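Here's the structure, in structure tokens; my notes come after.
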Amino acid sequence: EYTMDVFFRQTWTDERLKFGGPTEILRLNNLMVSKIWTPDTFFRNGKKSIAHNMTTPNKLFRIMQNGTILYTMRLTINADCPMRLVNFPMDGHACPLKFGSYAYPKSEIIYTWKKGPLYSVEVPQESSSLLQYDLIGQTVSSETIKSNTG
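The sequence shown lines up with residues 2 to 151 when you count with the working numbering.
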């Protein structure tokens, strides 16, 4: 298992939220965000996730004139990482972070990588060194999972 601190960014377009006028971007506070539809994203292999709330909820919500929404939140995620220690201590491990919609089927919501699979995940250099491990890279992929509810 592992823990990471992330800025989780999601963007989508809601045609109902298009607007005109001199303001190009609407910045919404946390009370207003609760009135707008947001994806029900959850971490499939997450054991525990915490949204940061010090001193206020660490969330950013912006609406552009064309109805495009940017929703960012700071999270600490504790996720499962199965390790096979066959060549310990010289093993290499891949620790995935899997996410998707909790309730919506793929006919209603589809996740895509905004900048494509090579550039959508950014890890600052100072964050790529851990006490016992070296982060040697990251990859992204997509999969469709069929659940009992659809």
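Where a beta carbon is used, it is the ideal one built from N, C-alpha and C, also for glycine. Keep in mind the model is a prediction, meaning the values are calculated, not measured.
Between TYR112 and SER142, the CB-CB gap reaches or exceeds 9 angstroms. In the three-state reduction of the DSSP assignment, ARG85 falls in the coil class. Between the C-alpha atoms of LYS48 and THR77 there is a straight-line separation of about 11 angstroms.
Residue ranges of uninterrupted alpha helix (DSSP H) with 4 or more members, entirely inside the stretch 85-120 and ordered along the chain, are 117-120. In this structure, SER102 sits away from THR39, with a CB-CB distance that is not shorter than 9 angstroms.
Closest in alpha carbon position to TRP114, among PHE100, LEU32 and ASN67, is PHE100. Beta-bridge pairing by DSSP links VAL122 to no other residue. By the Cβ neighbour-count rule, LEU98 is buried, with 16 or more other Cβ atoms within 10 Å of its own. Here DSSP, grouped into helix, strand and coil, assigns VAL34 to helix.
Its Cα nearest to that of ILE70, the residue THR14 stands out among SER148, PHE20, HIS94 and THR14. Annotated as proximal: ALA52 and MET74, with beta-carbon spacing under 9 angstroms.
Residue range 47-52 is occupied by the beta strand (DSSP E) that includes GLY47.
Annotation for LEU27: ILE64 place their beta carbon closer than 6 angstroms to its own, counting only its chain and skipping 5 residues before and after.
In the DSSP assignment, VAL7 falls within the beta strand (DSSP E) that extends over 3-14.
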